[in-house]
Amino acid sequence: MLLGAAQYIMKPMRRRHALITCFVIAWTLLFHYETLRANYLSPLAGRELPKLPLLFPPAGWIMFYRVDRSYGFAEVYGIRGDHAIKLDPHQTFQTKAVGYDNIRRNVLIEVLSRPYAESFCRYLRWKFPEYESFAVVYAEYPDVIASPTQILRQVAYRCR
Amino acid sequence: MNVRRAWHHAFLMRRPSLNLGLFRLAVAFTVGAHIIPSFFHLDENFLFTAFRTKNVSCYPLWILRLVDMSPDWVVQLWVVIFCVSLAMFTLGWHSQLSCIVMTTACYYFNALNNFQIGTLSFDILLVTLILMCITSYPGDFLSLDSLRHGWTRSYKRLRPYFIQRLLQLQVTWTFWYTALSKITAGGNWITGNPYYNLMHDPPIGVVRDFPFRQWLGQYPIFCHQLGLILLGFEFMIPLLWLLPTTRPLGIALGIAFQLMLWATLHVPTIFLFLFPPLMLLLIRPEALVRWIEARQTVNAKRGRAVLLYDGQCGFCLESIRRLRVLDLFGWVDPVDFHAQPDLAKLNPALTPERCRSEMVLLEPNGRLSGGFQAFARLTYRLPFLMWLAPFAHLPGADWVGTRIYRWVAAHRYLLHRNPACQTNHCAARDLN
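Line by line, the protein sequences give chains A and B.
First residue of the first sequence: 158, per the numbering used here; consecutive thereafter.
First residue of the second sequence: 893, per the numbering used here; consecutive thereafter.
What follows is the structure in structure tokens.
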């Protein structure tokens, strides 16, 4: 009878242990696969390996992994008549994060991406109706050490 | 056999889940601090007028399209859903369900617009949230769930250890892989001098204006060595976590490392809010349980306070059951005044009439308080009620609290679950 009771208790416990074990193994494999996929496994396989949707960063845990002497960023100019006025990025996006500055994290650089041009132009027209048009500029310090004041600028796109 | 035993010890063994309860609060705070600021400017972040970017590497296109079709009222509804689920998760009310809903809301907002909230640290947060959603263990301790169920020993509720272990491994692997990417896969911390480059970041750049920044920027060789030392720390700190003897030092260094990161760089504060609590998960839960029980022993030796209550009132009994959950350090001993033959022996000022009309708190130093004042004293002493202490001592709180207390005390027989007293006859009989 005691043996029966022990078996009654042990069966669900064994099943639960099996479930936990499967989950731990699957999670661990996924974690390492997604961490190593972009920079290690894909070059090894010679092709882009598939990414698991909805979870894990696209290129693994790469925080400040490469910092060189050049620094690129975006500038936005509002145009009225013949005058181009540089817009304060903190006015362009007024969302304030807790304890850090998203603009300084260079979040604005994403607006340079061509697929976002139309959406960003629409946003600028809504945010700054006082301007006739806008110019989105890619700016770059070619060498922050050798020439810290030199900035190269190139218009990425215009918003009419 | 040894591998089996080691596996069992690492993931399957049932151990106290209180660390996860504490970690739940840290996660809730982190999620709130990261997402809520974006709600203050809904028009520039999520509504039709917003500038939105898409995380195409993370989400299938059909999800992005579906989310993008959200009219503004749906976005606003999700804001409400997020805030309610975050509050529920923080309080530990239906912890697992609230965690799932909150995580879904995080995914929704990230899919809707990746621009402000989509960072690498947010990916770490999502991974953490998924693990928190898997079980209900994070709601065992310091939660309304434990209060609701009356789990008086919730701090030593035993659960399989795998969630806490996976979170420990997550922070360990993240540290190592971050360091590894700095020296391989395009990382230039050995071949270049990134720390020196960072010291020369332009004014709009990611580096904060911390003391010594300009001075450091004059010494490239020193900066290179400093960069290598930081890299060494990233590799070494998780090694210190592995051994119980070096673990406290490893945790302290890890937290200092995160603080330094936040103090010098404009990195998302998720790093600061999430990583130190993740590291604190390396503390053995048994050590915390021992600490709590040591406090209980100290209180027992000093002599506990006595809370006299009406044991014939279901509402009071239910409240005492919850009080026992809140009294983590065993500071108070609830006593039914009906079972106390000589109340004056406890304190000459105590009478059955007084105990019938209100709960009475007798502290070890002889201080006597009743009704709302007794509740206000409890907020000083019971750790889970301490957050209420400032409110209970606000100007006017005593006046309002006393009136509310009086009303509840007079109608307590109506509030309880004993069908024999549902018409308040018991109250009328006792008070007459």
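A virtual CB, placed ideally from N, CA and C, is assigned to each residue, including glycine.
Where residue i meets chain A, residues with beta-carbon distance less than 9 Å
{"i": "T941 (chain B)", "result": "R279, Y280, W283, K284"}
{"i": "Q1008 (chain B)", "result": "F250, T252, A254, N259, V264"}
{"i": "K1074 (chain B)", "result": "I219, M220, F221, Y222, R223"}
Sequence-distant residues of the same chain with beta carbon closer than 6 Å to residue i, five excluded per side
{"i": "G1031 (chain B)", "result": "G984, S987, D1037"}
{"i": "H1317 (chain B)", "result": "Note that H1317 (chain B) has pLDDT 48, beneath the 50 cutoff, so the model's placement of it is unreliable and no number is given."}
{"i": "R1321 (chain B)", "result": "In this predicted model, R1321 (chain B) has a pLDDT of only 46, less than 50, meaning its place in the structure is not dependable enough to derive any value."}
{"i": "L1323 (chain B)", "result": "Confidence is the limiting factor: at L1323 (chain B) the pLDDT is only 42, short of 50, which leaves the residue's position unreliable and the question unanswerable from this model."}
Chain E within 8 Å of residue i, Cβ atoms only
{"i": "P207 (chain A)", "result": "Protein chains in the displayed structure are A and B, and chain E is not among them."}
Contact list for residue i against chain B, beta-carbon separation under 9 Å
{"i": "F188 (chain A)", "result": "V1019, L1058, L1061, Q1062, W1065"}
Per-residue DSSP class, three states only, for residue i
{"i": "L1254 (chain B)", "result": "strand"}
{"i": "V1063 (chain B)", "result": "helix"}
{"i": "S987 (chain B)", "result": "helix"}
{"i": "E1245 (chain B)", "result": "helix"}
{"i": "A292 (chain A)", "result": "strand"}
{"i": "V1099 (chain B)", "result": "strand"}
{"i": "P1240 (chain B)", "result": "coil"}
{"i": "C1115 (chain B)", "result": "helix"}
{"i": "R896 (chain B)", "result": "helix"}
{"i": "Y951 (chain B)", "result": "coil"}
{"i": "Y257 (chain A)", "result": "coil"}
{"i": "S1261 (chain B)", "result": "strand"}
{"i": "F943 (chain B)", "result": "coil"}
{"i": "E1178 (chain B)", "result": "helix"}
Chain-ordered neighbours of residue i on chain B, where CB pairs are closer than 7 Å
{"i": "S276 (chain A)", "result": "F943, R944"}
{"i": "R261 (chain A)", "result": "I1096, G1097, V1098, H1158"}
{"i": "I177 (chain A)", "result": "F903, L904, P1052, F1054"}
{"i": "Y288 (chain A)", "result": "Chain B residues near Y288 (chain A): none, gap ~16 Å exceeds 7 Å."}
Identified DSSP bridge partners for residue i
{"i": "I1075 (chain B)", "result": "Note: I1075 (chain B) sits in no beta bridge, so no partner."}
{"i": "I242 (chain A)", "result": "A:G235"}
{"i": "Y1201 (chain B)", "result": "B:D1228"}
{"i": "E297 (chain A)", "result": "A:G229, A:L309"}
{"i": "L1381 (chain B)", "result": "Outside the displayed range of chain B (893 to 1324) lies residue 1381 (chain B), so it cannot be described from this structure."}
{"i": "L1050 (chain B)", "result": "B:P908"}
{"i": "G1206 (chain B)", "result": "The partner list for G1206 (chain B) (beta bridge, DSSP) is empty, contrary to what the question assumes."}
{"i": "Y314 (chain A)", "result": "A:V293"}
Sequence-distant residues of the same chain with beta carbon closer than 7 Å to residue i, five excluded per side
{"i": "F1007 (chain B)", "result": "F943, R944, T945"}
{"i": "A1115 (chain B)", "result": "Checking the displayed sequence, the identity of residue 1115 (chain B) turns out to be Cys instead of Ala. So the list reads N1085, Y1087, Y1088, M1091, L1108, once near-sequence residues are dropped."}
{"i": "P1130 (chain B)", "result": "T1064, F1067, W1068"}
{"i": "V993 (chain B)", "result": "I973, S977"}
{"i": "W1154 (chain B)", "result": "T1161, F1163, L1164"}
7 Å Cβ cut-off: residues of chain A touching residue i
{"i": "Q1005 (chain B)", "result": "The sequence shown places Asn at residue 1005 (chain B), not Gln. Those do not exist, as N1005 (chain B) stays about 10 Å from chain A at its closest Cβ, beyond 7 Å."}
{"i": "S949 (chain B)", "result": "K208, P215"}
{"i": "H1116 (chain B)", "result": "Result: empty, since nearest Cβ-Cβ is about 12 Å, beyond 7 Å."}
{"i": "Y1069 (chain B)", "result": "T192, G217, W218"}
{"i": "P952 (chain B)", "result": "P210"}
Proximal residues to residue i (C-beta, below 8 Å), its chain only, five neighbours per side dropped
{"i": "F250 (chain A)", "result": "N259, I260, V264, L265"}
{"i": "V1019 (chain B)", "result": "Q1062"}
{"i": "C1208 (chain B)", "result": "Y1201, D1202, M1251, R1304, H1308"}
{"i": "L187 (chain A)", "result": "L209, L212, F213"}
{"i": "G1222 (chain B)", "result": "R1187, Q1188, N1191, A1192, R1196"}
{"i": "N1239 (chain B)", "result": "L1254, G1258, L1260"}
Proximal chain B residues relative to residue i, where beta-carbon distance stays under 8 Å
{"i": "Y273 (chain A)", "result": "F943, T945"}
Positions along the region 231 to 258 of chain A whose CB lies within less than 8 Å of some CB in chain B:
Of all residues in the region 231 to 258 of chain A, P246, F250, Q251, T252, K253, A254, V255, G256, Y257, D258 have a Cβ within less than 8 Å of some Cβ in chain B.
Relative to chain A, which residues along the region 1013 to 1040 of chain B have a C-beta separation below 7 Å, given in chain order?
The residues in question are D1015, L1018, V1019, I1022.
In the region 293 to 315 of chain A, which residues sit with their C-beta less than 7 Å from some C-beta in chain B, listed in chain order?
Of all residues in the region 293 to 315 of chain A, those with a C-beta nearer than 7 Å to a C-beta of chain B are Y298, V301, I302, P305, reading in chain order.
Taking Cβ-Cβ distances below 8 Å as the criterion, which residues of the region 202 to 229 of chain A are in contact with chain B?
Within the region 202 to 229 of chain A, the residues whose Cβ lies closer than 8 Å to some Cβ of chain B are K208, P210, L211, L212, F213, P214, P215, G217, W218, I219, M220, F221, Y222, R223, V224, D225, R226, Y228, listed in chain order.
Contacting positions in the region 1078 to 1111 of chain B - beta carbon closer than 7 Å to chain A:
For the region 1078 to 1111 of chain B, which is checked against every Cβ of chain A, the residues closer than 7 Å are G1078, G1079, N1080, G1084, P1086, N1089, L1090, H1092, D1093, P1094, I1096, G1097, V1098.
What residues in the region 1155 to 1181 of chain B bring their beta carbon closer than 9 Å to a beta carbon of chain A?
Of all residues in the region 1155 to 1181 of chain B, L1157, H1158, V1159, P1160, T1161, F1163, L1164, F1165 have a Cβ within less than 9 Å of some Cβ in chain A.
So if I threshold CB-CB distances at 8 Å, which residues from the region 907 to 940 of chain B count as touching chain A?
So the close ones are A925, H926, P929, S930, F932, H933, E936, N937.
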